[in-house]
Amino acid sequence: NEQLHQRFSTEEIKTFLEEYLNDKTKLFYILEILRITRRRFFQLLKEYRSDPDNFSIQYKRKRVTRQISKDVEKNIISELEKETSWQHILALQEAFLTWGIPFTYYVDSHSIFRFVQGRDSLWRKHYRLTDEVDTQWKMVIDEYKVKPIYALSPQAKGKIERPYRWMQDRIVRTCAREGIETIEEAGKVLENEAT
5 NEQLHQRFST EEIKTFLEEY LNDKTKLFYI LEILRITRRR FFQLLKEYRS
55 DPDNFSIQYK RKRVTRQISK DVEKNIISEL EKETSWQHIL ALQEAFLTWG
105 IPFTYYVDSH SIFRFVQGRD SLWRKHYRLT DEVDTQWKMV IDEYKVKPIY
155 ALSPQAKGKI ERPYRWMQDR IVRTCAREGI ETIEEAGKVL ENEAT
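Shown next as structure tokens:
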């Protein structure tokens, strides 16, 4: 079991706490996503309320360790940033609010999107089969009744994306060549390309 600070960033936890304080998200959902107890949640909330600006979920060492400069630390942290479920959930939110809720959503088989037996389990005897465990991202997409379609490989996903990327590039080049500068004019180019 990964600890909370290994699964989420401080900013993500702050967002959950703010949403709880503003009655935007029910406690039940937050506890399920964070996989923590009520007691732990309210400890975090108490710490956050006492000093929101300096709130952190990062592990605090009891002994003094060697220090590195802030610039070097900043560079190291930026190199270590990783893809998280929360980033993908926020991307879903942005897509849904911008374009509406789709019927299906096409993704690869990354562990953020899908539990795959044998790959995502550390146990030798598998008690859960592929797709028997819902990831956080899957719980969100199920809440909106969107059916995920999983590419069996990143290459398969690329085959779907490639034609659209080509069309996007072509439209941009056409707009540049014809001196188009407004969205309305670009919309007409898109309509012509689609027909």
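First residue of the sequence shown: 5, per the numbering used here; consecutive thereafter. Backbone N, C-alpha and C define an ideal beta-carbon position, used for all residues, glycine too.
* **Collapsed DSSP secondary structure at Lys28 in the structure displayed** => Position 24 of the sequence shown, counted from the start, is the residue given in the question as residue 28. Note: Lys28 maps to coil in three-state DSSP.
* Apart from the five residues on each side of it in sequence, which residues of its chain come closer than 6 angstroms, Cβ to Cβ, to Ser13? -> The residue labelled residue 13 in the question sits at position 9 within the sequence shown. Closer than 6 angstroms at Cβ, skipping near neighbours: no residue.
* **Cβ-Cβ separation, Leu21 to Leu48 (assumed contact under 8 angstroms), whole Å** => In the sequence shown, residue 48 corresponds to position 44, counting from 1. In the sequence shown, residue 21 corresponds to position 17, counting from 1. With a beta-carbon spacing of about 7 angstroms, Leu48 and Leu21 fall inside the 8 angstroms limit used to define contacts.
* To do: Leaving aside the five residues before and after Trp141 along the sequence, list all residues of the same chain whose C-beta is less than 7 angstroms from its C-beta, in chain order.
  => By 1-based counting over the sequence shown, the position of residue 141 is 137. Within the same chain, Trp141 has close Cβ partners Ser89, His92, Ile93, Ile116 and Phe117.
* How about Gln7 and Tyr63: are their beta carbons less than 9 angstroms apart? -> Translated into positions along the sequence shown, residue 7 becomes position 3. Translated into positions along the sequence shown, residue 63 becomes position 59. Their beta carbons are under 9 angstroms apart, which means Gln7 touches Tyr63 by this criterion.
* Asked: With Glu197 and Arg174 assumed to form a contact (beta carbons below 8 angstroms), what rounded beta-carbon distance in angstroms separates them?
  -> Numbered from 1 along the sequence shown, position 193 holds the residue referred to as residue 197. Numbered from 1 along the sequence shown, position 170 holds the residue referred to as residue 174. That pair is a contact at about 7 angstroms.
* Using the beta-carbon count (16 or more within 10 Å), is Tyr110 buried or exposed? -> To locate residue 110, count along the sequence shown from 1; it is residue 106. So Tyr110 counts as exposed.
* Residue range of the beta strand (DSSP E) that includes Ile153 -> Residue 153 sits at position 149 when you count from the first residue of the sequence shown. Lys151 to Tyr154 is the span of the beta strand (DSSP E), which, as asked, contains Ile153.
* To do: Measure how close the beta-carbons of Ala180 and Ser113 come, nearest whole angstrom, since I'm counting them as under 8 angstroms.
  => Here residue 180 is taken as the residue at index 176 of the sequence shown, counted from 1. Here residue 113 is taken as the residue at index 109 of the sequence shown, counted from 1. Actually they do not touch by this definition, with Cβ atoms about 37 angstroms apart.
* To do: List the DSSP bridge partners of Val176.
  => Against the sequence shown, residue 176 aligns to sequence position 172. By DSSP's assignment, Val176 forms no beta bridge with any residue.
* When the distance is taken between beta carbons, is Ile61 closer than 9 angstroms to Phe45? -> Counting from 1 along the sequence shown, the entry for residue 45 is found at position 41. Counting from 1 along the sequence shown, the entry for residue 61 is found at position 57. No.
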